[in-house]
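Structure first, commentary second.
Number of protein chains: 2
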Amino acid sequence: MYELTISLRQGDRIPLYEQIYGYIRNEIREGRISSGEKLPSTRMLSRHLDVSRSTVELAYEQLLSEGYIESRPYRGYYAAQIEGLYQIHPVRKVGKADKKRNRAQYLYDFTPNGVDLNSFPYNTWRRLSRECLVDDRAELFRLGCPQGEAGLRSAISAYLHQARGVNCSPEQIVVGAGNDYLLMLLCAVLGTGHRVALENPTYKQAYRMFKNLSFDICTVDMDQKGMRVDVLDKTEADLAFVMPSHQYPLGTVMPIRRRMELLQWSVKKQDRYIIEDDYDSEFRYKGKPIPALQGYDAEGRVIYIGTFSKSIAPAIRMSYMVMPESVCEMYHRRCGFINSTVSKVDQMILQKFIEDGHYERHLNKMRALYRNRHDILLAELKEMGTDFSISGENAGVHLLLHFGSGRTEEEMIRLAAANGVRVYGLSEYYVDGASPSENAVILLGYANMDEKKIKEAVHLLKKAWYGNA
Amino acid sequence: MYELTISLRQGDRIPLYEQIYGYIRNEIREGRISSGEKLPSTRMLSRHLDVSRSTVELAYEQLLSEGYIESRPYRGYYAAQIEGLYQIHPVRKVGKADKKRNRAQYLYDFTPNGVDLNSFPYNTWRRLSRECLVDDRAELFRLGCPQGEAGLRSAISAYLHQARGVNCSPEQIVVGAGNDYLLMLLCAVLGTGHRVALENPTYKQAYRMFKNLSFDICTVDMDQKGMRVDVLDKTEADLAFVMPSHQYPLGTVMPIRRRMELLQWSVKKQDRYIIEDDYDSEFRYKGKPIPALQGYDAEGRVIYIGTFSKSIAPAIRMSYMVMPESVCEMYHRRCGFINSTVSKVDQMILQKFIEDGHYERHLNKMRALYRNRHDILLAELKEMGTDFSISGENAGVHLLLHFGSGRTEEEMIRLAAANGVRVYGLSEYYVDGASPSENAVILLGYANMDEKKIKEAVHLLKKAWYGNA
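Taken in sequence, the protein lines are chains G and D.
Each number in the numbering used here corresponds to the 1-based position in the first sequence with 2 added.
Each number in the numbering used here corresponds to the 1-based position in the second sequence with 2 added.
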């Protein structure tokens, strides 16, 4: 039998039983107690170490439950057979995420993905959050409906009908933690073997997601009305991903005729679907918002995706997908078991936010704010120069400058950066090696820039691009 | 030219421009204005209708932007060519989610998936939530790190090291909205073409998820030590999904030797990984928690998944995955662009909850509570009968009753239900058509049942199963 010589530290931070357990475990690990060797009985060891028997029993139980020792009935405890035991050693640090690229310092950033967060309704959100978290709400922390809570889905359905012309019942809606997640979910719903057609240029995040999810991808050229359906028709695609209300990045609004052509394409063969990403249609500066394509879809061919990232805040992580009946059925059959990705508290806050009219008020406020920035930017740009035309300016929170005089995108970005202003080139939105015309096309997003900043930044751009200020 | 006869309703809820827009749109849709037909000029129409010219301009702009009319320079407005226009009609309601199964009414439910939510720390959670939502926190609503916020990942990493023996840096962690999502993400990280081996019986949710994500699946029988590695070795699997600390549903704790065998399997060929689901290891009633398999993994073969669903509440939707270095690289290469699925506010609340010691206190409280229920259930069961043995009772929040006297599972469940008690059979956790022994094995979860309920429910089970009370 193995003789244990443990020196226990009384009053140590580590309990006695754990000291005993740790000692014996290491002895077994390092082979000093070999497999099959008998260990002292708990009675013997407790006397030997002058500790209570229950302390030793506790240590042995732990060793037993981890499999270091075995108990043989009427005979006692034996070291288990442990071959090729790996030593625990700290795993090396992975430095990947630490390496931050040494970015140029910009004074102004015309990012097309900005959202003005100074206008976030903190007080309202905080109050609603407090109201949700009251004592008797155990229900709020129980697992909820996989599709999202019925109340929130009803609120979204009513909003979509009124504001976007979307026809759907709450049963057709799935709430999810962001568009990326909803595209992952949709992939799981539709299954493999699909080919998706994307506009070119397009929203890179969606492109990457489809690629990553092993979809076959093809790109379809655009004209001034959006995705060319005659080209789409010649592809093998059974899915078309479009942004008809405000194409990203071009800002194109798809006219009704093209929409109808697209819907006609979708019914020509079975199991074709259009994925409509209606990411920022809340912001439109001329007339009322253009109804969603989904509202014209009588045959159940449009899968509609919308988000609160642009209209409320990116970090609240709430988006929604409206599925036609046939996709609903697939969802219930294949993915109905997948739990919701949004916490019930967040869902309830958002539901109240919509139902109590805060969302509408917030949208009106943001629309006015962005429209103001939009108008100022346009006015400033007119002062800046004459060798460019502007497009995509009727909606959303960015516009495009098309330069005609043989100036390259790279040059415009570099000159702006040298003056502390970050601008974005259209070419980075092209996929599949396609590239835009050789003339520079520059995106300017203004959601993040207040009036003063816009004026200062355009002043710097003028200096950068035209050599005077 | 088309003659418009609109009867406008002054003072209507619908603005004048929208009445004009709607009228013309319908005329075009229904073919009463045919394609190519000229519309009156804005000046003429404004006079004709006795409204301001800007009102008509607004209506025309909306029609233009939606593509119903076209503007020809120096000539005016013409109805666009719109063939095969779909009529908008309300989409039929999808009744699927409405149909609620007519469930039997149970007085007591021994669900193995329960969590006691009466003990949820509402006050603390509410206070932390209030502290997070202060005015100057615009940063909280900006898009965060795709992996989850660095602060939360640090807190999780420290907790895992201390409580679970997991060795990892915050850079190896991805925070996600639940285990279902993390498995979806992992699938996207690893790519296609894998075969995953699951224990049988197993956690059905994981099985469904792998199946849904188009993994090849094989099942590996278990013995009393967990997944049989000798059987695993004969499969083509390159992934093994296991729950070594407390197998679900059997409650098996994998002893150290089996763990080592499993780790040895993982290094025998390149690109083999073990997915360790450590779903409820926080609750252990004998000795200290058993360290995670990940802690023994020196070769970077274990992908570790944990959740706050069991330890805090299912509806907060926060889980985490610890990736070894090689998987981290794949993650950054293939999925680094996928946005986080957890809101920053929720992440910050959880981070504070852990850092300020609330999580540890909450776990201690829950451990004591569940241990108490566990002890009472065991004591009551001993009173109930003698024709069964108990297993899986050292950890987690459920245990198993193995009946020996030829009683069938179906019979036991039915008798219990007839007395208002819901119990669960082991057979529903088997996949691939495998089935357990013909003798009944019943799962009893006790997280949701307080002392009084446990006593009453076992009393009813005694009546149901033994005919006396």
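Built from N, CA and C at the ideal position, the CB exists for glycine as well.
- Contact between residue 121 (chain G) and residue 371 (chain G) holds: their C-beta atoms lie close to 6 angstroms from each other, under 8 angstroms.
- Only those residues of the region 311-324 of chain D whose C-beta falls short of 7 angstroms from the nearest C-beta of chain G are listed: 315, 316, 317, 318 and 319.
- Residue range 181-192 is occupied by the alpha helix (DSSP H) that includes residue 191 (chain D).
- Between residue 128 (chain G) and chain D, the shortest Cβ-Cβ separation is below 9 angstroms.
- Taking 9 angstroms as the cut-off, the Cβ atoms of residue 199 (chain D) and residue 154 (chain D) do not count as close.
- The beta-carbon of residue 146 (chain G) is placed less than 9 angstroms from the nearest beta-carbon of chain D.
- Along the region 111-124 of chain D, the positions whose C-beta sits under 7 angstroms from a C-beta of chain G are 119, 120, 122 and 124, read in chain order.
- Residue 462 (chain D) sits away from residue 427 (chain D), with the two beta carbons spaced by 9 angstroms or more.
- Relative to the Cα of residue 212 (chain G), the nearest Cα in the group G:239, G:226 and G:227 belongs to G:239.
- With at least 16 other beta carbons inside 10 angstroms of its own, residue 146 (chain D) counts as buried.
- Burial state of residue 205 (chain G) is buried, judged by a 10 Å Cβ sphere holding 16 or more other Cβ atoms.
- In terms of beta-carbon proximity, residue 280 (chain D) stays away from the interface with chain G, with every pair separated by 9 angstroms or more.
- For residue 433 (chain D), no chain G residue has a C-beta closer than 9 angstroms to its own C-beta; the minimum C-beta separation is roughly 14 angstroms.
- In the DSSP assignment, residue 307 (chain D) forms a beta bridge with D:279 and D:323.
- Here the alpha carbon of residue 454 (chain G) sits roughly 13 angstroms from the alpha carbon of residue 112 (chain G).
- Among the residues of the region 237-258 of chain D, those with a Cβ less than 7 angstroms away from any Cβ of chain G are 255, 257 and 258, in the order of the chain.
- Ranking G:201, G:403, G:409 and G:396 by CA distance to the CA of residue 386 (chain G) puts G:403 first.
- Spanning the alpha carbons of residue 158 (chain D) and residue 356 (chain D) requires a straight line of approximately 8 angstroms.
- In the same chain as residue 407 (chain D), and ignoring 5 residues on each side of it, the C-beta atoms closer than 6 angstroms to its own belong to 389, in chain order.
- Taking a contact as a CB-CB distance under 8 angstroms, the pair residue 398 (chain G) and residue 253 (chain G) counts as one, their CB atoms being some 6 angstroms apart.
- For the options G:123, G:284, G:277 and G:297, the alpha carbon positioned closest to that of residue 258 (chain G) is the one of G:297.
- For residue 70 (chain G), at least one C-beta of chain D is nearer than 9 angstroms to its own C-beta.
- Collapsing the DSSP output to three states places residue 40 (chain G) in a strand.
- Under a 10 Å Cβ-count criterion, residue 143 (chain G) is classified as buried, with 16 or more other Cβ atoms of the shown protein chains found around its own Cβ.
- In the DSSP assignment, residue 460 (chain G) falls within the alpha helix (DSSP H) that extends over 453-468.
- Exposed is the label assigned to residue 109 (chain D), since fewer than 16 other Cβ atoms lie within 10 Å of its Cβ.
- Bridge pairing for residue 198 (chain D): D:219 and D:241 [DSSP].
- In this structure residue 149 (chain G) is in contact with residue 175 (chain G), their Cβ atoms being roughly 7 angstroms apart against a cut-off of 8 angstroms.
- Chain D has a Cβ within less than 9 angstroms of the Cβ of residue 182 (chain G).
- Excluding its 5 nearest sequence neighbours in each direction, residue 459 (chain D) has C-beta neighbours in its own chain below 8 angstroms: 109, 110, 112, 423 and 451, listed in chain order.
- Between residue 293 (chain D) and residue 128 (chain D), the gap from beta carbon to beta carbon reaches 9 angstroms or more.
- Inclusion of residue 286 (chain D) and residue 396 (chain D) in the CB contact set at 9 angstroms is warranted, their separation being smaller than that value.
- Rounded to the nearest angstrom, the gap between the Cα atoms of residue 74 (chain G) and residue 82 (chain G) is 11 angstroms.
- Annotation: residue 433 (chain G) to residue 67 (chain D) spans about 27 angstroms, alpha carbon to alpha carbon.
- The alpha-carbon separation between residue 34 (chain D) and residue 25 (chain D) amounts to approximately 11 angstroms.
- Nearest CB-CB separation between residue 340 (chain D) and chain G: below the 9 angstroms threshold.
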